[in-house]
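Student: Numbering (this note's numbering), first residue to last: 5 to 666. The structure that follows is given in the form of structure tokens.
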Ligand SMILES: [Zn+2]
């Protein structure tokens, strides 16, 4: 049931299969302007500095060929580096930005690595890292990756080289799915319930882990396909890297709730002979997040607040904007607290940095990177510049520009500067000509008409394409496609322009976005059967409050026109009560109340989840007595009929409802 997928899809937990694999077949070679742009960039960057490669290989113990992790039930692999073998060449392909090529090579290094005494990492087996700490008699696992398959394989790799110890503790650094989704691959919930295994997370973890991705979830899922290049074939003219790691793993996503939360800003605990200092950094890279310091081993785990890239203040898949000023402060506080006492800085993505002096230097540069973006964007907007103008003109100081870890492989200076504008001023640039412009299709039709018609525009754009003016050509062809979605020449030329921009992009996210756009202009929206690989874990983590909020988001206001109904909900497991009211085409709920209602429902949340996941039906639940309905049952049926189903594969580079079929 598609609407359930929207609910439980999260931002990546969707396993799709491409009906056609011809997607990359029409790619074109890089144009002279692209070759020149890539060569120019290559000449400005310190490629002779090979320190990162040394760091990424230090402590290597072993791996498995291609880091291959079979998929469940003999399906295609949950993970494999095999399609990225092309990255072994030290000469970057001419269709890949040379700086991204370097980052993609670093992210292709995989295996089990010793970080320090009793601290290990499995890297290159998923988007994120799994950190494993050897307690006196148990293992402490920090961040069990994104899928059960990759997490199980990562732990197996560790165990192939180290003495067996059971996992006694799992720690989630934050609530992004690449850091918890594989938890059932490393522990059994029965052991958690029996008190044999503890799960530790920062305060607010459960509330925020799923909340970020529910209400706008369907749009985020679709947009994340652009950011990550989910259906883009890997290759020198295809997907090469996300910037943060190679790709998203496939497989089974799960979630086991924490048994213990870190609530104090700084909290010390000893776990099986290992001393931990947890430091909360809420509202930095994630709403709930924490850093971890291990004083015995002088190891600092910066979670995802320091990686070897400029991270996102705004993520292209769509999310609320993050606070660069706060992020910078947290890094500086951690530097003061631990910098001089740290021999190895690790994170839950990328490779470690060793030596206190280098650690402190990295921390200062990352601190200043986010501070710079925040403050300089604010300075320029106070001078009256618009978001686009700020993004166009802002340049990092040379000391950061030439620092590999500050380069934009995941976030970019351009879209992060716009994020600051968005955070403080929002979408409106205060120019009233932009206050209420025509929407894309109407505006495009008038624009193309004023420009002398599609044919004239395309002819001019072909000249500009030859001159390498891809940004303008992509924009002009977007206008033609919005006005005339079946204009083949415009779609092809628009695709060609986006493709060249993809070949030039330094950020993995931008490259994927451009190349997916090109693919969809050429071929239309991929025919994908979107099936959810999530189990009920994610849904279980959705609070009743959020459940009703999402139900309200699905209300079709036109169908609800003039309707009024009141439904009481009684949850037998949590003893929570709600009144759900529909009037004025708005579905509201209030907790702790019961009203003189049309209908009263008595059920457990587990039953509601089972109905949502289609494991049972309302009538089945009533027959078995799991759900009781009193009053007018027809009102419930009436409400259900007003709830929308979201299309997971909506058009992005062409007008809605005008998808060109292949
Ligand atoms: Zn992550």
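All C-beta atoms, glycine included, are put in the ideal place defined by N, C-alpha and C.
#1: Can you list, in chain order, the residues of its chain with a C-beta nearer than 7 angstroms to that of residue 233? Leave out the 5 residues immediately preceding and following it.
#2: Output the distance between the C-alpha atoms of residue 37 and residue 497, rounded to the nearest integer angstrom.
#3: Quick check: does the Cβ of residue 643 come within less than 8 angstroms of any heavy atom belonging to ligand 3?
#4: Would you kindly work out how many angstroms separate the C-alpha atoms of residue 380 and residue 424, rounded to a whole number?
#5: Run through DSSP, which three-state label would residue 305 get?
#6: Should residue 354 be listed as close to ligand 1, given that the test is whether its C-beta is under 8 angstroms from any heavy atom?
#7: For residue 608 and residue 279, what's the separation of their Cα atoms in angstroms?
#8: Check whether the Cβ of residue 308 sits closer than 8 angstroms to any heavy atom of ligand 1, and report yes or no.
#9: In terms of alpha-carbon separation, which member of 115, 203 and 632 lies closest to residue 143?
#10: From the DSSP output, which residues share a beta bridge with residue 574?
#11: Check whether the Cβ of residue 305 sits closer than 8 angstroms to any heavy atom of ligand 1, and report yes or no.
#12: Measure the CB-CB distance between residue 289 and residue 331 and report whether it falls below 9 angstroms.
#13: Let me know the secondary structure DSSP gives residue 294 once reduced to three states.
#14: With a threshold of 6 angstroms on Cβ separation, who are the neighbours of residue 656 within its own chain once the five nearest residues in sequence on each side are excluded?
#15: If you pair each beta-carbon of the stretch 497-506 with each one of the stretch 217-227, do three or more pairs fall below 8 angstroms?
#16: Kindly provide the ranges of any beta strand (DSSP E) runs that are 3 or more residues long and lie completely inside the stretch 493-581, ordered along the chain.
#17: With distances taken Cα to Cα, identify the nearest neighbour of residue 158 among 557, 140, 253 and 649.
#18: Let me know the secondary structure DSSP gives residue 590 once reduced to three states.
#19: I'd like to confirm the pairing. Which residues does DSSP put opposite residue 280 in its beta bridges?
#20: Given a cut-off of 9 angstroms, decide if residue 63 and residue 129 are closer than it, judged by their beta-carbon atoms.
#21: Taking just the CA atoms, how far does residue 641 sit from residue 85?
#22: Indicate the three-state DSSP secondary structure (helix, strand or coil) for residue 286 in the structure shown.
#23: Please name the residue, chosen from 247, 177, 179 and 572, that lies closest to residue 354 on a Cα-to-Cα basis.
#24: Of the choices 470, 510 and 391, whose alpha-carbon is the least far from that of residue 500?
#25: Per DSSP, which one or two residues make a beta bridge with residue 138?
#26: Verify whether the separation of the beta carbon atoms of residue 542 and residue 259 is less than 9 angstroms.
#27: Indicate whether the contact test is met: 3 or more Cβ pairs, each with one atom in the stretch 391-411 and one in the stretch 443-455, closer than 8 angstroms.
#28: Taking the alpha-carbon positions, what's the residue 105 to residue 583 distance?
#29: Since residue 650 sits in a beta bridge, which residues does DSSP pair it with?
#30: At a cut-off of 8 angstroms, is residue 132 close to ligand 1 when judged by its beta-carbon and the heavy atoms of the ligand?
#31: Under the three-state reduction of DSSP, which class applies to residue 265: helix, strand or coil?
#32: Does the Cβ of residue 366 lie closer than 8 angstroms to at least one heavy atom of ligand 1?
#33: Applying the 10 Å Cβ sphere with the 16-neighbour rule, what's the burial state of residue 513?
#34: Whole angstroms are fine: how far does the CA of residue 162 sit from the CA of residue 65?
#35: Is the beta carbon of residue 182 within less than 8 angstroms of some heavy atom of ligand 1?
#36: Just mark residue 184 as buried or exposed, buried being the case when its beta carbon has 16 or more other beta carbons within 10 Å.
Tutor: The relevant details are as follows:
#1: 243, 516, 519 and 520
#2: 16 angstroms
#3: With respect to small molecules bound, the structure shown includes ligand 1 and not ligand 3.
#4: 9 angstroms
#5: strand
#6: no
#7: 41 angstroms
#8: yes
#9: 203
#10: 581 and 606
#11: no
#12: yes
#13: strand
#14: none
#15: no
#16: 532-536 and 569-575
#17: 253
#18: strand
#19: 273
#20: no
#21: 49 angstroms
#22: coil
#23: 247
#24: 470
#25: 143
#26: yes
#27: no
#28: 55 angstroms
#29: The partner list for residue 650 (beta bridge, DSSP) is empty, contrary to what the question assumes.
#30: yes
#31: strand
#32: no
#33: buried
#34: 9 angstroms
#35: yes
#36: buried
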